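What follows is one structure encoded as structure tokens, with my remarks underneath.
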Amino acid sequence: MWGWGGNKRFALGVPRNSIDGIVYTPQRMQTPINVTINGELLTSSFPSIMSNSQITIPLKDTAKALRAELVITPSSSDTAKTLYTIKHNQTSASFRINQLQGEVNGKKVTLSSPPYITPGAIMIPVSLLKQMGLEVTWNSKLSELSISSK
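For the sequence shown, full-length UniProt numbering assigns the number 1 to the initial residue and increments by one for each residue that follows.
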């Protein structure tokens, strides 16, 4: 299927290719990714996205579905230095936007892709949840991502 037009929240399933969020040429639309967390379908206004074989998911909606605590520690000098921390059970993961380095339980880890901001949402690589010890399964045939607490 092909699509064009408004794409501010990745409605077309393709990365934004213009500043105004409009796709001016037809693009092959991405198959929607269905995400389940502990067996429940994740409901979010922001779609999960696959780009360069990496899946990113909306941070706040995912944390809420996991019943995880999300702590945002702003930097007084630079918003790019804001620290985001997800606390789930006995595990804590921290990261900053557009940085590949993060921490899980105080140990430095390298993320598969950097977290980033889209209009209205912060997107994180699903691999971060795997590094936190959550079980993550991708079914490419069905375009389904399953996340579960062990």
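Where is the CB? At the ideal position from N, CA and C, for every residue including glycine. In this text the structure is predicted, and so the values were computed from the model without any measurement.
Taking the Cα of W138 as reference, the smallest distance to any Cα among T43, M50, S45 is reached at M50. Taking each of S143, K64, I147 in turn and checking the Cα distance to T31, the smallest one comes out for S143. Non-local C-beta neighbours of S127 in its own chain, meaning closer than 7 Å and more than five positions away in sequence, comprise L111, S112, ordered along the chain. Looking at the backbone, the Cα of T36 and that of I117 are separated by about 22 Å.
Scanning its chain for C-beta atoms nearer than 6 Å, with the 5 sequence neighbours on each side dropped, one finds around V71 the residues T85, in chain order. Under the DSSP assignment, T110 falls in the beta strand (DSSP E) whose first and last residues are 107 to 110. Annotated as distal: F95 and G106, with beta-carbon spacing of 8 Å or more. The alpha-carbon separation between P74 and L83 amounts to approximately 6 Å. The three-state reading of DSSP puts S146 in strand, counting E and B together.
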